[in-house]
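Accompanying notes for the structure given below.
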DNA sequence: TATTGTTATACTCTATAACTATA
DNA sequence: TATAGTTATAGAGTATAACAATA
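Here's what the structure looks like:
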């Protein structure tokens, strides 16, 4: 593995500041005050990746187990996920999304995306192409 | 102005999740426990945009004035910024970076970028091009 | 002993509401 | 009255350390 080049260090610096500010705006953009962005993200993972244990969700979301405990407690008390016992290991429980959770996820995703999409319509086709190409790279950067 | 197209809604959704996770990882990557990412971001703004009032920094950083009050208080008590009185308006003070602040900023930026740059070396030239092109678009998205 | 998850605790980050000082 | 900034307070988000239950 080579050392970071000067160009990479500059890119890293610019990317870090750009991501901080954009994420700050996305997080503050609360649509429904009943659910937060972190809860929504965990709910999206449970919906997409099927029934999972708490540890598995924490690993996918890249947070520590105690953080996920809190998120899951709030999702469960709101009725958006439900737990069942693991057949072989009584330490674990299996967490899955409920129909109400699916409804909430769909509605919130639509509302939050609308806020972002409204800003995106002001961007050129060229800008959108650049963002679209970067999403896949960012995904790898955020989950490695 | 047109309505968001289906393609824009999908891009918005994918971008939102990618940004959340990547930003989460960047924020948790603490190098020096003496300074936080938000403090560093404000310090970078004061360094780059010259002497500013508290309100101006808050506007550039896109946070509310009370949030900036806290950030500036910590930066000032650490000796990384200093205040002087505004010549015409005694409600305001003028905030500028100190030499110690400049040193801290250079050192911290280097250390934090190293973490990101180390990951970037594993990416292809094509990936880096995509990220580089997106940075400018993200900047506009985060500061509009 | 090792693993899974939770509880206890603390710190960062940010906001709104109420207030002070100045214009 | 209006504006710039601060103080008071609270909630979201996350972590580490210590613990309990189970494997």
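Protein chains in written order, with our numbering: chain A, 77 to 220; chain B, 77 to 220. In this text, a Cβ means the ideal position worked out from N, Cα and C, and glycines have one as well. The model shown is predicted, which means the values in this text are computed figures rather than measured ones.
Residue 119 (chain A) and residue 113 (chain B) closer than 9 Å at C-beta: As a first step, residue 119 (chain A) must be located in the first chain, where it is residue number 43. As a first step, residue 113 (chain B) must be located in the second chain, where it is residue number 37. Contact: no.
Is it buried or exposed, residue 206 (chain B), if we count other Cβ atoms within 10 angstroms and call 16 or more buried? Counted from its first residue, the second chain places residue 206 (chain B) at position 130. It counts as buried.
When burial is assigned at 16 or more other CB atoms within 10 Å of the CB, is residue 177 (chain A) buried or exposed? Stepping through the first chain from its first residue, residue 177 (chain A) is reached at position 101. Buried: at least 16 other Cβ atoms inside 10 Å.
Roughly how many angstroms lie between the CA atoms of residue 150 (chain B) and residue 115 (chain B), to the nearest whole one? Along the second chain, one-based indexing puts residue 150 (chain B) at 74. Along the second chain, one-based indexing puts residue 115 (chain B) at 39. Cα-Cα distance, rounded: 8 Å.
I'd like to know if residue 185 (chain B) contacts chain A, where contact means its C-beta is closer than 9 Å to some C-beta of that chain. In the second chain, counting from the first residue as 1, residue 185 (chain B) sits at position 109. Output row for residue 185 (chain B): interface = yes.
Reference residue 181 (chain B); option with closest CA among B:155, B:161 and B:88: Within the second chain, the letter at position 105 stands for residue 181 (chain B). Among B:155, B:161 and B:88, the Cα nearest to that of residue 181 (chain B) is on B:155.
By the DSSP assignment, the beta strand (DSSP E) with residue 153 (chain A) in it spans what residues? In the first chain, the residue the question calls residue 153 (chain A) occupies position 77. Premise fails: residue 153 (chain A) lies in the alpha helix (DSSP H), 141-153, not in any beta strand (DSSP E).
My output table needs one value for residue 114 (chain B): the three-state DSSP class, helix, strand or coil. Along the second chain, read from residue 1 onward, the residue named residue 114 (chain B) stands at position 38. Residue 114 (chain B) falls in the helix class under three-state DSSP.
At 7 Å on the CB atoms, spell out the chain A contacts of residue 219 (chain B), in chain order. Indexing the second chain from 1 puts residue 219 (chain B) at position 143. Residues of chain A passing the Cβ test: 97.
Tell me, please, which residues DSSP counts as bridged to residue 173 (chain A). Counting from 1 along the first chain, the entry for residue 173 (chain A) is found at position 97. The partner list for residue 173 (chain A) (beta bridge, DSSP) reads A:157.
Counting beta carbon pairs with one atom in the stretch 203-219 of chain A and one in the stretch 204-218 of chain B, are three or more of them shorter than 8 Å? yes
Going along chain A in order, which residues have a C-beta closer than 8 Å to the C-beta of residue 117 (chain B)? Walking along the second chain from the start, residue 117 (chain B) turns up at place 41. In chain order: 93, 96 and 97.
Check the Cβ-Cβ distances between residue 150 (chain B) and every residue of chain A, and say whether any is below 9 Å. Translated into positions along the second chain, residue 150 (chain B) becomes position 74. No, its Cβ sits nowhere closer than 9 Å to a Cβ of chain A.
Under 8 Å by beta carbon: chain B residues contacting residue 132 (chain A): Counting from one through the first chain, the residue named residue 132 (chain A) turns up at place 56. None at all; the shortest Cβ gap to chain B is about 16 Å.
Can you find at least 3 beta carbon pairs, one from the stretch 187-206 of chain B and one from the stretch 82-90 of chain A, that sit closer than 8 Å? yes
Using a Cβ-Cβ cutoff of less than 8 Å, which residues in the same chain neighbour residue 170 (chain B) once the five nearest sequence positions on both sides are dropped? In the second chain, residue 170 (chain B) corresponds to position 94, counting from 1. Here the set comprises 127, 128, 129, 159, 160, 161 and 162.
What separation, rounded to the nearest whole angstrom, lies between the Cα atoms of residue 83 (chain B) and residue 144 (chain A)? Counting from one through the second chain, the residue named residue 83 (chain B) turns up at place 7. Counting from one through the first chain, the residue named residue 144 (chain A) turns up at place 68. Each residue's alpha carbon lies about 32 Å from the other.
Alpha carbon of residue 216 (chain A) to alpha carbon of residue 175 (chain A), nearest angstrom: Reading the first chain from its first residue, position 140 is the one you call residue 216 (chain A). Reading the first chain from its first residue, position 99 is the one you call residue 175 (chain A). Computed Cα separation, rounded: 30 Å.
Please report the distance separating the alpha-carbon of residue 99 (chain A) from that of residue 218 (chain B). Here residue 99 (chain A) corresponds to residue number 23 of the first chain, with the count starting at 1. Here residue 218 (chain B) corresponds to residue number 142 of the second chain, with the count starting at 1. Whole-angstrom Cα-Cα distance: 8 Å.
With residue 126 (chain A) as the anchor, note down where its alpha helix (DSSP H) starts and where it stops. For the purposes of this step, residue 126 (chain A) is taken as the residue at position 50 of the first chain. No alpha helix (DSSP H) contains residue 126 (chain A), which DSSP labels as neither H nor E.
When DSSP labels each residue in this structure, what does residue 168 (chain B) get in the three-state scheme? Indexing the second chain from 1 puts residue 168 (chain B) at position 92. If DSSP states are grouped into helix, strand and coil, residue 168 (chain B) belongs with coil.
Within-9 Å CB hit, residue 172 (chain B) to chain A: What you label residue 172 (chain B) is simply residue 96 of the second chain in a count that begins at 1. Taking Cβ atoms only, chain A never reaches closer than 9 Å to residue 172 (chain B), which makes this a no.
Near the ligand PLP: residue 185 (chain A) beta-carbon under 8 Å from a heavy atom: For the ligand PLP, the structure offers nothing, since it holds no ligand at all.
Note down, in chain order, each residue of its chain lying with its Cβ closer than 6 Å to the Cβ of residue 136 (chain B), except the 5 sequence neighbours on either side. For this step, residue 136 (chain B) is matched to residue 60 along the second chain. Hits under 6 Å: 121.
Residue 189 (chain B) CB to nearest chain A CB: under 9 Å? If you number the second chain from 1, residue 189 (chain B) lands on position 113. Yes, contact with chain A.
Alpha-carbon to alpha-carbon, residue 94 (chain A) and residue 103 (chain B): The sequence position of residue 103 (chain B) within the second chain is 27, counting from 1. The sequence position of residue 94 (chain A) within the first chain is 18, counting from 1. Distance between the alpha carbons of residue 103 (chain B) and residue 94 (chain A): 13 Å.
Sub-9 Å separation of residue 142 (chain B) and residue 131 (chain B) beta-carbons: Counting from 1 along the second chain, the entry for residue 142 (chain B) is found at position 66. Counting from 1 along the second chain, the entry for residue 131 (chain B) is found at position 55. Not closer than 9 Å, so no.
Which of the three DSSP states is assigned to residue 200 (chain B) in this structure? Position 124 of the second chain, counting from 1, holds the residue named residue 200 (chain B). Of the three classes helix, strand and coil, the one that applies to residue 200 (chain B) here is coil, per DSSP.
Straight-line gap, residue 189 (chain A) to residue 152 (chain A) (C-alpha atoms, nearest Å): As a position in the first chain, residue 189 (chain A) is number 113, starting the count at 1. As a position in the first chain, residue 152 (chain A) is number 76, starting the count at 1. Those two C-alpha atoms are separated by around 24 Å.
If you measure between the beta carbons of residue 111 (chain B) and residue 184 (chain B), is that distance less than 9 Å? Here residue 111 (chain B) is taken as the residue at index 35 of the second chain, counted from 1. Here residue 184 (chain B) is taken as the residue at index 108 of the second chain, counted from 1. For residue 111 (chain B) and residue 184 (chain B), yes; Cβs fall inside 9 Å.
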